[in-house]
Amino acid sequence: MFRYILAASVCLMVIPKDVSSAVFYDPYKNGNRDINDDIQFYLYTKKNRDSPYFLLPENNENYANSPFDPSFPTIIFSHGFTGSALSHSAQSIKNAYLDNGEFNVILICWKSLAAKPWYLKAVRSVPVVGKYSAKLIKWLEYKEAISLSALHVIGFSLGSHVGAFIGEELARNRSEKIGRITGLDPAGPAFDKLSISSNGLDKDDAAFVDIIHTNSRTFGMRLAVGHADFYMNYGKSQPGCSFFSLSCSHFRAWEYYSESAFHPCGFPSERCNTWKPQISDCSRSQIYMGVATNRKTEGIYNVNTNSAYPFAKSSINLPNSIEVASPKGMTTLSLIDAAESGVYDLSSYCISGNLSRIDGNNSWINSINEITTEDNNELRQDDNFAHQVGGVPTGDDIHIMMMK
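FYI, in mature numbering (1 follows the signal peptide of the UniProt record, and there is no 0) the residues of the sequence shown are -21 to -1, 1 to 383.
As structure tokens, this is what we get:
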């Protein structure tokens, strides 16, 4: 019921493509504003993980003095309604990445535009935040600090649609798109395509768009709009959340995603035939929700979780260390440690890991379908097996976790 009341309150609102006017930027005409105050960029790296550096677009001195490292992958995150760069969602995502590798993590802070109780103002500010954030990204591209195809933008709730406008702006007048946009329970009211706007996040906004649905009953989008849509526990509400706690199921989206950085294979999925998944029309797949989701993934999936932390159903790490030599992008991995039996049945395990390059770069590996061995699906202590990761220079180190 709450969802329909909220939807009715925005039924006359249209989100225009032209967001450059002062009237649009300040819909309630509450005086002159400085966009640099209303939208800020908090940069975190391992060097300053507890103290943000404030990046300024098109400011060479500011960039030169920053801890930004072009050799590291860049993650950009946007909070949602009532949030900020210091809110639990933003800090959880930041910590999840920095605990697992070297990254530039940029948190978009637009808290004054997203402040409660004015949801309509926050919605109408989304295109402005997206466009201004795209300005920063274009400048970082100009500085050769980032590659658009390698960029990963993540948004929670309304922040997911900030990602959509970032993607749309960056793709304007060129064919290249952002490599990946992840929507963590994208806000439904005013954006759900059963509602009134077609300008929300969808698969046209990046080369790969994955959506995590946790609260379609109230705050989240219902329809499958990405290349890959993961409906957590069938997407309406989450186990362990009280009916009277309106935000609990919505917040689970960033909680699940953050946990997946520590357990990339902890959230196995079932492939479903419809965006309204039922138990009868889903079957087991080898696709995993989260940080390590393969960017070639397409379709609709259900993911079952525990009702309390740890939410991952498969979160037990087996102690494996892998050494690697990698000619021409085909990486041959040698198993160092084995299970007590000395044999792994690959059909029962997810193989995933963090590729640590010599130059400090990091990327995730998650492609059990591309594992091959001499002995079909059995991996023994002395076996070698091939893992196609593409373009990996010789001499890199790969650390693999195997989970049942």
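All residues carry an ideal CB built from backbone N, CA and C; glycine is no exception.
Element boundaries [beta strand (DSSP E), containing residue i]
i: residue 239; result: Premise fails: residue 239 lies in the alpha helix (DSSP H), 227 to 241, not in any beta strand (DSSP E).
i: residue 247; result: 247 to 251
i: residue 58; result: Neither: residue 58 is in no beta strand (DSSP E) and is coded neither H nor E.
i: residue 134; result: 131 to 135
i: residue 281; result: 278 to 282
i: residue 157; result: Premise fails: residue 157 is in no beta strand (DSSP E) and is neither H nor E.
i: residue 83; result: 83 to 88
i: residue 266; result: 261 to 267
i: residue 32; result: 32 to 34
CB contact flag (residue i, residue j, <8 Å)
i: residue 43; j: residue 56; result: no
i: residue 165; j: residue 190; result: yes
i: residue 109; j: residue 58; result: no
i: residue 230; j: residue 200; result: no
i: residue 153; j: residue 187; result: no
i: residue 269; j: residue 239; result: yes
i: residue 180; j: residue 162; result: yes
i: residue 124; j: residue 49; result: yes
i: residue 254; j: residue 185; result: no
i: residue 18; j: residue 87; result: yes
i: residue 182; j: residue 205; result: yes
i: residue 243; j: residue 271; result: yes
i: residue 77; j: residue 25; result: yes
Close Cβ partners of residue i (< 7 Å) along its chain, the five nearest in sequence each way excluded
i: residue 287; result: 219
i: residue 249; result: 261, 262, 263, 264, 280 and 281
i: residue 101; result: 60, 92, 93 and 137
i: residue 148; result: 109, 110 and 113
i: residue 283; result: 212 and 292
i: residue 120; result: 127
i: residue 41; result: 34 and 35
i: residue 386; result: Absent from the model: residue 386. The displayed extent of the chain is -21 to 383, so no value can be given.
i: residue 32; result: 22, 45 and 46
i: residue 155; result: 127 and 128
i: residue 251; result: 260, 261, 279, 280 and 281
Host alpha helix (DSSP H) of residue i (start-end)
i: residue 166; result: Element bounds for residue 166: n/a, residue is neither H nor E.
i: residue 74; result: 67 to 77
i: residue 98; result: 98 to 121
i: residue 42; result: 39 to 43
i: residue 15; result: 14 to 17
Cut-off 6 Å between Cβ atoms - residues of its own chain near residue i, not counting five sequence neighbours on either side
i: residue 118; result: 36 and 37
i: residue 228; result: 193, 194, 216, 217 and 220
i: residue -14; result: Because the pLDDT at residue -14 is just 41, under 50, the model does not fix this residue reliably, and the value given afterwards should be weighed accordingly. Around residue -14: no qualifying Cβ.
i: residue 85; result: 20, 22 and 55
i: residue 63; result: 88 and 90
i: residue 214; result: 192 and 195
i: residue 276; result: 207 and 266
i: residue 51; result: 81, 82 and 83
Local Cβ density within 10 Å of residue i, reported as buried at 16 or more and exposed below that
i: residue 83; result: buried
i: residue 65; result: exposed
i: residue 106; result: buried
i: residue 311; result: Residue placement at residue 311 cannot be trusted, given a pLDDT of 38 that sits under 50; what the coordinates show is reported in the next sentence. Residue 311 comes out exposed.
i: residue 267; result: buried
i: residue 151; result: exposed
i: residue 104; result: buried
i: residue 140; result: buried
i: residue 144; result: buried
i: residue 209; result: buried
i: residue 223; result: exposed
i: residue 39; result: exposed
i: residue 296; result: Per-residue confidence for residue 296 stands at a pLDDT of 43, beneath the threshold of 50, marking its modelled position as unreliable; the derived number appears in the next sentence. Exposed: under 16 other Cβ atoms inside 10 Å.
i: residue 96; result: exposed
Proximal residues to residue i (C-beta, below 8 Å), its chain only, five neighbours per side dropped
i: residue 71; result: 233, 234 and 237
i: residue 130; result: 53, 55, 116, 157, 158 and 159
i: residue 74; result: 28 and 237
i: residue 274; result: 158, 159, 186 and 187
i: residue 16; result: 91
Chain C contact for residue i (CB, 8 Å cutoff)
i: residue 194; result: No chain C appears in this structure, which consists of one protein chain only.
Please give me, in chain order, every unbroken run of the beta strand (DSSP E) with length at least 3 that falls completely inside the segment 174 to 216. 188 to 192 and 207 to 211
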